[in-house]
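Peer 1: In my numbering, the protein residues as written are 24 to 390. Beta carbons are placed, not taken as given, at the ideal position from N, Cα and C, and that holds for glycine.
This is the structure we're talking about:
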């Protein structure tokens, strides 16, 4: 395992580390658990019946993750068959975000790309939950990690994660599949009954699951429709694209129905409202205090991408136009470009008020 500081410092809002891992999934899981433990992670207690159901689901549908969980157990000196502690961690979901898929036919160089702004609070976890925060507590999103895994028994991936090691917010794999997640419906959010692990995929594990198990959007659609998942009361949706130039958004309705929004070869915009309820980007309602400018951001991206050829630099400029810049308690904490042709993830990180963003860094999922 190689760990390198790649952006920011302790004097900036964000200090970003890049972790590179090789070996089997078991060895990668063990090393990630050792690093997570060094940073303060401990496994959470779980009901044994639920634990056995989780293990069975992972073994059947996401064996890569199960192997990494067994590696985490080994790092802690535990029996991998034990069923009283969860060997993976969970994370608070993200907030307002914007993403735009530019297919190869709309790009000057023929590369399909997702551009996205990751918007989140600049507060501590305690402050986000309405309290004063603990003395010395860091802002929740101030220590993101880029993780590159090149397993001997699976596909290579590069991901960016805000606060945990077993899920991700953005990612691309060696086959050219790319995934980003976004809040889907602020109005439908409700306090969760529990933040504890359940059987199936948590909201932040779902992108990592797709990157481990799928090579293209056809496989991803089937995997999502067959998967069991939970969202902690905050509905998310996911933009998925592949190296063939195909893309879709996956989301669920309030009654649990699943929706796949596919616009063929056209650009695809997504922000923070359910696309299946608002099919026409030019007929969106006005924003309210509860929408965090979701409709306005989508209109802006749609109008910028409609009927034009958009270079990578133009994609970056359009993302800049919809960055969070009002209330200082929320900022665009990183802007990323996921190139499905080159299998790369390029990111610039927020360094703090008056400090702008870091230079863009590029990481590859291929060996």
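Leaving aside the five residues before and after residue 231 along the sequence, list all residues of the same chain whose C-beta is less than 8 Å from its C-beta, in chain order.
Peer 2: For the purposes of this step, residue 231 is taken as the residue at position 208 of the chain shown. If we look at residue 231 and ignore the five residues flanking it on each side, its Cβ neighbours are 88, 180, 182, 189, 190, 191 and 194.
Peer 1: Quick one: give me the first and last residue of the beta strand (DSSP E) that residue 168 is part of.
Peer 2: Taking the first residue of the chain shown as 1, we reach residue 168 at position 145. Looking at the DSSP string, the run of the beta strand (DSSP E) that includes residue 168 is 168-174.
Peer 1: Buried or exposed: where does residue 228 fall if 16 or more other Cβ atoms within 10 Å of its Cβ makes it buried?
Peer 2: Residue numbering aside, residue 228 sits at position 205 when the chain shown is read from its first letter. Per the 10 Å Cβ criterion, buried.
Peer 1: If we count Cβ pairs, one from each stretch, closer than 8 Å, do we get three or more for the stretch 260-276 versus the stretch 121-129?
Peer 2: yes
Peer 1: For residue 353, which three-state DSSP category applies?
Peer 2: On the chain shown, position 330 is the one that residue 353 refers to. Correct three-state label for residue 353: strand.
Peer 1: Could you tell me which uninterrupted alpha helix (DSSP H) segments, each at least 4 residues in length, are contained entirely in the stretch 313-358, listed from first to last along the chain?
Peer 2: For the stretch 313-358, whole alpha helix (DSSP H) runs of length 4 or above, ordered along the chain, are 317-328 and 335-344.
Peer 1: Using the rule of at least 16 other Cβ atoms within 10 Å of the residue's Cβ for burial, across every protein chain shown, is residue 274 buried or exposed?
Peer 2: Position 251 of the chain shown, counted from the first residue, corresponds to residue 274. Burial is judged here by how many other beta carbons sit within 10 angstroms of a residue's own beta carbon; residue 274 has at least 16 and is buried.
Peer 1: So what does DSSP say about residue 36, is it helix, strand or coil?
Peer 2: The count along the chain shown starts at 1 and reaches residue 36 at position 13. Residue 36: coil per DSSP, three-state reduction.
Peer 1: What residues match up with residue 394 in a beta bridge as DSSP calls it?
Peer 2: Only positions 24 to 390 of the chain appear in this structure, which leaves residue 394 out of reach.
Peer 1: I want to see whether chain C comes within less than 8 Å of residue 53, judged by CB atoms only; does it?
Peer 2: No chain C appears in the structure shown, which is made up of a single protein chain.
Peer 1: Would the stretch 60-68 and the stretch 194-211 be scored as touching if the rule is three or more Cβ pairs under 8 Å?
Peer 2: no
Peer 1: Is it buried or exposed for residue 331, if we count other Cβ within 10 angstroms and need 16 for buried?
Peer 2: Sequence index remark: in the chain shown, residue 331 carries index 308 (1-based). Per the 10 Å Cβ criterion, exposed.
Peer 1: If you run the structure through DSSP and keep just helix, strand and coil, what is residue 31?
Peer 2: As a position in the chain shown, residue 31 is number 8, starting the count at 1. Strand, per DSSP.
Peer 1: For residue 40 and residue 161, what's the separation of their Cα atoms in angstroms?
Peer 2: Here residue 40 refers to the residue found at position 17 of the chain shown. Here residue 161 refers to the residue found at position 138 of the chain shown. If I take the Cα positions, the gap works out to 16 Å.
Peer 1: Assuming residue 174 and residue 46 make a contact with CB atoms under 8 Å, what is their CB distance in whole Å?
Peer 2: In the chain shown, counting from the first residue as 1, residue 174 sits at position 151. In the chain shown, counting from the first residue as 1, residue 46 sits at position 23. Confirmed, about 7 Å.
Peer 1: What is the DSSP secondary structure of residue 161, counted as helix, strand or coil?
Peer 2: For this step, residue 161 is matched to residue 138 along the chain shown. Reduced to three states, the DSSP call for residue 161 is coil.
Peer 1: Give the straight-line distance between the Cα atoms of residue 343 and residue 380, rounded to the nearest whole angstrom.
Peer 2: Translated into the one-based positions of the chain shown, residue 343 becomes position 320. Translated into the one-based positions of the chain shown, residue 380 becomes position 357. When rounded, the distance between both Cα atoms is 11 Å.
Peer 1: By Cβ distance below 8 Å, which residues in the same chain neighbour residue 32 in space, the five residues on each side in sequence not counted?
Peer 2: Taking the chain shown and counting its residues from 1, the one referred to as residue 32 is at position 9. Within the same chain, residue 32 has close Cβ partners 38.
Peer 1: Starting from residue 369, follow its DSSP beta bridges and name the residues at the other end.
Peer 2: Locating residue 369 in the chain shown gives position 346, counting from the first residue. Answer by DSSP bridge pairing, in chain order: 360 and 385.
Peer 1: From the DSSP output, in three-state form, read off residue 209 for me.
Peer 2: Locating residue 209 in the chain shown gives position 186, where the first residue counts as 1. When secondary structure is reduced to three states using DSSP, residue 209 falls in the coil class, being assigned neither helix nor strand.
Peer 1: If the criterion is Cβ atoms closer than 8 Å, does the pair residue 369 and residue 131 meet it?
Peer 2: By one-based count along the chain shown, residue 369 stands at place 346. By one-based count along the chain shown, residue 131 stands at place 108. The answer is no: Cβ separation not under 8 Å.
Peer 1: Three-state secondary structure (DSSP) at residue 265?
Peer 2: On the chain shown, position 242 is the one that residue 265 refers to. Residue 265: coil per DSSP, three-state reduction.
Peer 1: Could you work out which residue in 347, 373, 338 and 296 is closest to residue 362 when comparing CA atoms only?
Peer 2: Along the chain shown, one-based indexing puts residue 362 at 339. Ranking the options by Cα distance to residue 362, first place goes to 338.
Peer 1: Give every residue of the same chain whose Cβ lies closer than 7 Å to the Cβ of residue 366, excluding the five residues on either side of it in the sequence, and list them in chain order.
Peer 2: Taking the first residue of the chain shown as position 1, residue 366 is located at position 343. If we look at residue 366 and ignore the five residues flanking it on each side, its Cβ neighbours are 195, 197, 199, 387, 388 and 389.
Peer 1: Between residue 225 and residue 253, is the Cβ-Cβ spacing less than 8 Å?
Peer 2: The residue given as residue 225 occupies position 202 in the chain shown. The residue given as residue 253 occupies position 230 in the chain shown. Yes; because the gap between Cβ atoms is below 8 Å, this pair is in contact.
Peer 1: Are residue 122 and residue 142 touching if we call contact CB-CB under 8 Å?
Peer 2: For the purposes of this step, residue 122 is taken as the residue at position 99 of the chain shown. For the purposes of this step, residue 142 is taken as the residue at position 119 of the chain shown. The Cβ atoms of residue 122 and residue 142 lie no closer than 8 Å to each other.
Peer 1: The beta strand (DSSP E) that contains residue 194, what's its start and end?
Peer 2: Working through the chain shown from its first residue, we reach residue 194 at position 171. Here the beta strand (DSSP E) through residue 194 covers 193-196.
Peer 1: Does the distance from the C-beta atom of residue 83 to that of residue 52 stay below 8 Å?
Peer 2: As a working mapping, residue 83 is identified with position 60 in the chain shown. As a working mapping, residue 52 is identified with position 29 in the chain shown. The Cβ atoms of residue 83 and residue 52 do not sit closer than 8 Å to each other.
Peer 1: Mind pulling the alpha helix (DSSP H) runs of 4 or more residues that sit fully within the stretch 218-285?
Peer 2: 228-236 and 240-249
Peer 1: In chain order, what residues of the same chain lie with their CB nearer than 7 Å to the CB of residue 374, ignoring the 5 residues before and after it?
Peer 2: Within the chain shown, numbered from 1, the residue matching residue 374 stands at position 351. So the qualifying residues of the chain are 31, 35, 36, 37, 380 and 381.
Peer 1: Just how far apart, CA to CA, sit residue 11 and residue 290?
Peer 2: Because the chain is modelled from 24 through 390, residue 11 falls outside the range shown and cannot be assessed.
Peer 1: Given this structure, state the Cα-to-Cα distance separating residue 176 from residue 202, to the nearest angstrom.
Peer 2: Counted from its first residue, the chain shown places residue 176 at position 153. Counted from its first residue, the chain shown places residue 202 at position 179. About 21 Å.
Peer 1: Out of 357, 233 and 325, which has the shortest C-alpha to C-alpha gap to residue 81?
Peer 2: Numbered from 1 along the chain shown, position 58 holds the residue referred to as residue 81. Closest by alpha carbon: 233.
Peer 1: Specify the secondary structure class of residue 113 as computed by DSSP and reduced to three states.
Peer 2: Position 90 of the chain shown, counted from the first residue, corresponds to residue 113. Confidence in residue 113 is poor, its pLDDT being 47 and thus under 50, which makes the residue's placement unreliable; the coordinate value appears in the next sentence. Looking at residue 113 - three-state DSSP - the assignment turns out to be coil, as it is neither helix nor strand.
Peer 1: Ends of the beta strand (DSSP E) at residue 184?
Peer 2: Numbered from its first residue, the chain shown carries residue 184 at position 161. Per DSSP, residue 184 belongs to the beta strand (DSSP E) from 180-184.
Peer 1: Which of the three DSSP states is assigned to residue 375 in this structure?
Peer 2: Start at 1 with the first residue of the chain shown, and residue 375 comes out as number 352. In the structure shown, residue 375 sits in a strand (DSSP, three-state: E or B).
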